[in-house]
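K.L.:
Quick one: this structure, given as structure tokens, is what I'll be asking you about.
Structure below.
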């Protein structure tokens, strides 16, 4: 997966990579030429006492060294540029892919894992490319060139080097082969650690309310200990690399000096032996650099596989429709719709068939788990029906262009979410071009104008991530205002009034009905009292529509609906009415 990923994302930077390769080749040639010049100074200058030759050759060595430094700096600069752009492109690609995922794919990977894959995993691949561009080419050229130059100096003495290198490579290969499964385990444990930490930060109020700090501390300690033990295992293996490399190469140096003495007796020049040792040191540096790359490459390979899994996952909801016209705006139809989650024993929804006409309100009630939210998600095309079709304006939603589809809809989810920013920036998610006057009008309809006006900065008042600095009822009203700003043809309210008191709920529904005249309203509700004026009410039981009609018709003809209504009427206001400040 790593080679495939690199080929795909490095192709636009072929020219930069070529420049890096040429610069590192130039740097390596300069490095290989310096020992030859040094040998020449010793043999032709020092041993003969020729000062002029020493000065002349030394000046050449200085020029070659300056060229080597310039080439090294330029190679690192271009290499860093390639690596940073690769990281940028990978993060953008992962983000774009995740943005196309339906709820099914997000649940499949999990939010903590997707965060790790788009940050930590990308960093591992980026670091590998940076190391390769900065050092890998140089180490390759030095290794090959060093062996070649050593052979040109003395073939017999080079046999020591040729025998040592395969031994070193075998030892390093054995160590790396044990690292790969540890790196894979470490990335999974990073996901687990992120998941635990994310849950604890998000649920800190619940943790404190139930006094489970010790339990959560233990959960975090277990996840933290697991990743620490794996990292220690990697570290122990990595700790073997440098000592083993140094041992083998130092033994090789001793062998070169030992056998070099006899070669000098046979006529080999002293400068040549010193140059031979220099090439051995360069080979040592090349092996050490390769060792560092060998430490990074396995983890980068695991990270590349995890990134590839995201990029190669096809969204179950494909937004590739081409239809751009809706013959009957606001008309919503469910035509014999079934929906099943992957691996489920039975469908969540079965044979759902109804029509919601423009200007009408359709209420959906039912017990917990009856499929109400799933039905709304199908209307918003967060999922696709596994059988039958959902139609908007007479057109199957799967054939509608993405912009055309979502221009028709506004969804207020069961758990409203506000983004970090301001009141205005959150409302303008509905319409980026909305004026302040339109925002205030939407807030008035959503019964949120008063509390926003009381904020010191009004529309520019800050909103924390998730809307945690406002109450549950305020979050719901701001989410409803955001939908109103959009001015859609179809409103989808998924139990969106549950945190409001009865009086605020009534005023909001009345204002919404007068403002959205001509729009279709789909309302998932728990309180029967809030939907008595709906044009049709659908009662869901076990994923099926067991009854439909107006409030009066269902009270008369549907015992299950009448029982729900009667039980709610018997509840006290405290039991039946959620409080405005509840989070």
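In full-length UniProt numbering, the protein residues as written are 1 to 583.
C-beta atoms are modelled at their ideal positions from N, C-alpha and C, and glycine is treated no differently.
#1: Have a look at 421, 543, 226, 276 and flag the residue whose alpha-carbon is nearest the alpha-carbon of residue 376.
#2: Taking buried to mean at least 16 other C-beta atoms within 10 Å of its own C-beta, is residue 450 buried or exposed?
#3: Please go through the same chain and pick out, in chain order, the residues whose beta-carbon is closer than 7 Å to the beta-carbon of residue 482, but skip the five residues on each side of it.
#4: For residue 416 and residue 303, I'd like the C-alpha separation in whole angstroms.
#5: Compare the beta carbon distance of residue 122 and residue 159 with 8 Å and say whether it is the shorter of the two.
#6: On the DSSP bridge assignment, give the partners of residue 231 in chain order.
#7: Which word fits residue 320, buried or exposed, when buried means at least 16 other C-beta atoms lie within 10 angstroms of its C-beta?
#8: Alpha carbon to alpha carbon, how far is residue 218 from residue 212? Give it in angstroms, no decimals.
#9: Quick one: what's residue 491 bridged to in DSSP?
#10: Hey, residue 78 and residue 180: beta-carbon distance below 8 Å or not?
#11: When you compare each of 487, 421, 152 to residue 465 by their alpha carbons, which one comes out closest?
#12: Between the Cα of residue 5 and the Cα atoms of 72, 124, 248, which residue gives the shortest distance?
#13: Tell whether a beta-carbon distance below 8 Å holds between residue 288 and residue 245.
#14: Give the secondary structure of residue 558 by DSSP, where H, G and I count as helix, E and B as strand, and everything else as coil.
#15: Measuring straight from C-alpha to C-alpha, what distance separates residue 114 and residue 226?
#16: Enumerate in chain order the residues of its own chain whose CB-to-CB distance from residue 306 is below 7 Å, with the five nearest sequence positions on each side excluded.
#17: Based on the DSSP output, what are the partners of residue 389 in its beta bridges?
#18: Measure how close the beta-carbons of residue 300 and residue 86 come, nearest whole angstrom, since I'm counting them as under 8 Å.
#19: Quick one: what's got a C-beta closer than 8 Å to residue 568's C-beta in the same chain, skipping five residues either side?
#20: Could you tell me the boundaries of the alpha helix (DSSP H) in which residue 346 lies?
#21: Taking contact to mean at least 3 C-beta pairs separated by less than 8 Å, is the region 544-557 in contact with the region 504-521?
#22: Can you tell me whether residue 354 is helix, strand or coil according to DSSP?
#23: Starting from residue 541 and walking both ways along the beta strand (DSSP E), at which residues does that stretch end?
#24: Please classify residue 342 as buried or exposed, where buried requires at least 16 other C-beta atoms within 10 Å of its C-beta.
#25: I'd like the span of the alpha helix (DSSP H) that includes residue 148, first residue to last.
#26: Tell me the rounded alpha-carbon separation between residue 259 and residue 157.
#27: So, does the region 395-410 touch the region 357-376, judging by three or more C-beta pairs under 8 Å?
#28: Excluding the 5 residues flanking residue 582 on each side, which residues of the same chain have their C-beta closer than 8 Å to its C-beta?
#29: Can residue 279 and residue 149 be called in contact, C-beta distance under 8 Å?
P.N.:
Let's see:
#1: Here the question's residue 376 lines up with position 376 in the chain shown. Checking every option, the nearest Cα to that of residue 376 belongs to 543.
#2: On the chain shown, residue 450 is found 450 positions in, with the first residue counted as 1. Counting Cβ neighbours within 10 Å, residue 450 comes out exposed, since fewer than 16 surround it.
#3: Mapped onto the chain shown, residue 482 falls at position 482. Only 426, 427, 429, 430 meet the Cβ criterion.
#4: Within the chain shown, numbered from 1, the residue matching residue 416 stands at position 416. Within the chain shown, numbered from 1, the residue matching residue 303 stands at position 303. Taking the straight line joining both Cα atoms gives about 34 Å.
#5: To locate residue 122, count along the chain shown from 1; it is residue 122. To locate residue 159, count along the chain shown from 1; it is residue 159. In this structure, residue 159 does not lie closer than 8 Å to residue 122 by Cβ.
#6: In the chain shown, the residue the question calls residue 231 occupies position 231. Residue 231 is not bridged to any residue.
#7: What you label residue 320 is simply residue 320 of the chain shown in a count that begins at 1. Exposed is the call here.
#8: Counting from 1 along the chain shown, the entry for residue 212 is found at position 212. Counting from 1 along the chain shown, the entry for residue 218 is found at position 218. In a straight line, the C-alpha of residue 212 is about 10 Å away from that of residue 218.
#9: By one-based count along the chain shown, residue 491 stands at place 491. Paired residue(s): 410, 521.
#10: If you number the chain shown from 1, residue 78 lands on position 78. If you number the chain shown from 1, residue 180 lands on position 180. No; because the gap between Cβ atoms is not below 8 Å, this pair is not in contact.
#11: As a working note, residue 465 is residue 465 in the chain shown. Answer by Cα proximity: 421.
#12: For the purposes of this step, residue 5 is taken as residue 5 along the chain shown, with counting starting at 1. Closest option to residue 5, Cα to Cα, is 124.
#13: The residue labelled residue 288 in the question sits at position 288 within the chain shown. The residue labelled residue 245 in the question sits at position 245 within the chain shown. Yes. Within cutoff.
#14: The residue you call residue 558 lines up with position 558 of the chain shown. In this structure, residue 558 counts as coil in the three-state DSSP scheme.
#15: Within the chain shown, the letter at position 114 stands for residue 114. Within the chain shown, the letter at position 226 stands for residue 226. Residue 114 and residue 226: Cα-Cα distance of roughly 20 Å.
#16: Looking up residue 306 in the chain shown gives position 306. Excluding the 5 residues flanking it on each side, residue 306 has same chain C-beta neighbours closer than 7 Å at 117, 121, 187, in chain order.
#17: Within the chain shown, numbered from 1, the residue matching residue 389 stands at position 389. Beta-bridge pairing links residue 389 to 335.
#18: As a first step, residue 300 must be located in the chain shown, where it is residue number 300. As a first step, residue 86 must be located in the chain shown, where it is residue number 86. So it is not a contact: roughly 11 Å between Cβ atoms.
#19: Locating residue 568 in the chain shown gives position 568, counting from the first residue. Hits under 8 Å: 527, 528, 529, 576.
#20: Locating residue 346 in the chain shown gives position 346, counting from the first residue. Here residue 346 belongs to no alpha helix (DSSP H), and DSSP marks it neither H nor E.
#21: no
#22: Taking the first residue of the chain shown as position 1, residue 354 is located at position 354. Residue 354: strand per DSSP, three-state reduction.
#23: Reading the chain shown from its first residue, position 541 is the one you call residue 541. 536-541 is the span of the beta strand (DSSP E), which, as asked, contains residue 541.
#24: What you label residue 342 is simply residue 342 of the chain shown in a count that begins at 1. Answer is exposed; the Cβ neighbour count stays below 16.
#25: Within the chain shown, numbered from 1, the residue matching residue 148 stands at position 148. From DSSP, the alpha helix (DSSP H) with residue 148 extends over 137-153.
#26: Counted from its first residue, the chain shown places residue 259 at position 259. Counted from its first residue, the chain shown places residue 157 at position 157. Those two C-alpha atoms are separated by around 7 Å.
#27: no
#28: As a position in the chain shown, residue 582 is number 582, starting the count at 1. With a pLDDT of only 38 at residue 582, under 50, the local geometry of the prediction cannot be trusted, and no value is derived from it.
#29: Position 279 of the chain shown, counted from the first residue, corresponds to residue 279. Position 149 of the chain shown, counted from the first residue, corresponds to residue 149. Yes, they are a contact pair.
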